[in-house]
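First comes the structure, then the notes that go with it.
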Amino acid sequence: ELAHMWFGNLVTTRWWNDLWLNEGFATYVSYLGANYAEPTWNMKDLIVLNEIIGVMAVDALASSHPLSSKEEDIQRPEDISQLFDSITYSKGAAVLRMLS
-7 ELAHMWFGNL VTTRWWNDLW LNEGFATYVS YLGANYAEPT WNMKDLIVLN EIIGVMAVDA
53 LASSHPLSSK EEDIQRPEDI SQLFDSITYS KGAAVLRMLS
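Read in the numbering used here, the sequence shown has 64 at position 72, and its numbers run on one by one without any break.
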């Protein structure tokens, strides 16, 4: 949650369609911070077991969705609530890990 002080609060996206950036950064940075604090725990590798492997199975389902969508596709509170899932958190973190 410390990461949310920056990603999601101070710096945030324009609309809910890019929520994965806020939540993906927060998830990814939590592993980076723990790895920095205690490198012997290998937290930078544990993200694969805790986040990436599981979300790959979820992402393979027909019910999966892209990380981002068009702004006009998100208009109701229910649309926003549906975004808070493992795709947003774990796949977002996985993509950011790949980019780092």
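We put the beta carbon where it would ideally sit given N, CA and C, even for glycine.
The structure displayed is predicted, hence computed values, not measured ones.
Pairwise C-alpha distance: residue j and residue i
i, j, result
"Glu30", "Ser22", "12 Å"
"Val40", "Asn1", "27 Å"
"Glu15", "Ser92", "16 Å"
"Asp65", "Leu24", "33 Å"
"Ala93", "Val47", "Because the chain here runs from -7 to 92, residue 93 falls outside it and cannot be looked at."
"Ser55", "Ser61", "15 Å"
"Phe17", "Arg68", "25 Å"
"His(-4)", "Ile45", "24 Å"
Per-residue burial, residue i [other beta carbons within 10 Å of its own, 16 or more giving buried]
i, result
"Leu13", "buried"
"Leu75", "buried"
"Ala49", "exposed"
"Asn34", "exposed"
"Val3", "exposed"
Rounded distance between the beta-carbons of residue j and residue i, thought under 8 Å
i, j, result
"Thr80", "Leu11", "6 Å"
"Lys36", "Asn27", "4 Å"
CB contact flag (residue i, residue j, <8 Å)
i, j, result
"Ser73", "Thr19", "no"
"Val87", "Leu59", "yes"
"Glu63", "Asn9", "yes"
Original post:
What are the start and end residues of each continuous alpha helix (DSSP H) run of 4 or more residues lying completely inside the region -7 to 60, in chain order?
Top reply: Entirely contained in the region -7 to 60, the alpha helix (DSSP H) runs reaching 4 residues are, in chain order, 11 to 29, 35 to 39 and 45 to 51.
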